Amino acid sequence: MKNYHTDSSYLITKIFYLVIQVGLVSYLIYKINDSEIIFYGGLVLISLLVFLIIRLVSKYASVSFTESNIVVLRGVSRKMELINYSNITEYQHITGFKQTSLNVIIYSPDGLSNKKLKCTTVVSSADYIDFIKWLKTKNNSIAFSFYPSDSDMNSTFKKEFQ
Numbered sequence: 206m207k208n209y210h211t212d213s214s215y216l217i218t219k220i221f222y223l224v225i226q227v228g229l230v231s232y233l234i235y236k237i238n239d240s241e242i243i244f245y246g247g248l249v250l251i252s253l254l255v256f257l258i259i260r261l262v263s264k265y266a267s268v269s270f271t272e273s274n275i276v277v278l279r280g281v282s283r284k285m286e287l288i289n290y291s292n293i294t295e296y297q298h299i300t301g302f303k304q305t306s307l308n309v310i311i312y313s314p315d316g317l318s319n320k321k322l323k324c325t326t327v328v329s330s331a332d333y334i335d336f337i338k339w340l341k342t343k344n345n346s347i348a349f350s351f352y353p354s355d356s357d358m359n360s361t362f363k364k365e366f367q
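Positions 206 to 367 (this note's numbering) are the ones given, in order, by the sequence shown.
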């Protein structure tokens, strides 16, 4: 059995850009030279930064593909969620040109509503077709989507499966 594992480490980039933006705004507030604005502006910025970082960290997920289901460990608390392969309706591959490529797993745990799980790509482009074949052995009715539609991965998929 092949072991496939990924996570949502792309969130680290979002946190980095968030810290830079807050730093720039903090510098501008500091340059105003009004102690009351500096105090309250700093308080608001620090509160906003802490809130957003906690929110992004809570979205972090570690994803392992096992033989029977997908194991998702969410956030710092490592809350476990099991996704049956039969519940997956769509698997999206989003190619990032100057950033990390992403996968979005759309699944319906109760059969009524859809949930999304966003993570970095599970395997490299060279091994992606093998991963798709392995995933199709678990659930043949999964729809695969590739964005942008003119990506190399989409053309490779079409050559192999259509």
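For every residue, glycine included, the Cβ atom is placed at its ideal position computed from N, Cα and C.
What you are looking at is a predicted structure, and each value in this text was computed from that prediction instead of being measured.
Residue pairing by DSSP puts Gln297 in a beta bridge opposite Val309, Ser350. Residue environment: Ile275 is assigned as buried (16 or more neighbouring CB atoms within 10 Å of its CB, all protein chains considered). Distances from the CA of Leu287 to each of Asn308, Tyr333, Leu322, Leu223 were compared; the closest alpha carbon is that of Leu322. Note that the C-beta distance between Leu307 and Thr326 is below 8 Å. Secondary structure note for Val281: it is in no alpha helix (DSSP H), with a DSSP letter that is neither H nor E.
Where Leu261 is concerned, there is no enclosing beta strand (DSSP E), although the alpha helix (DSSP H) around it starts and stops at 240 to 264.
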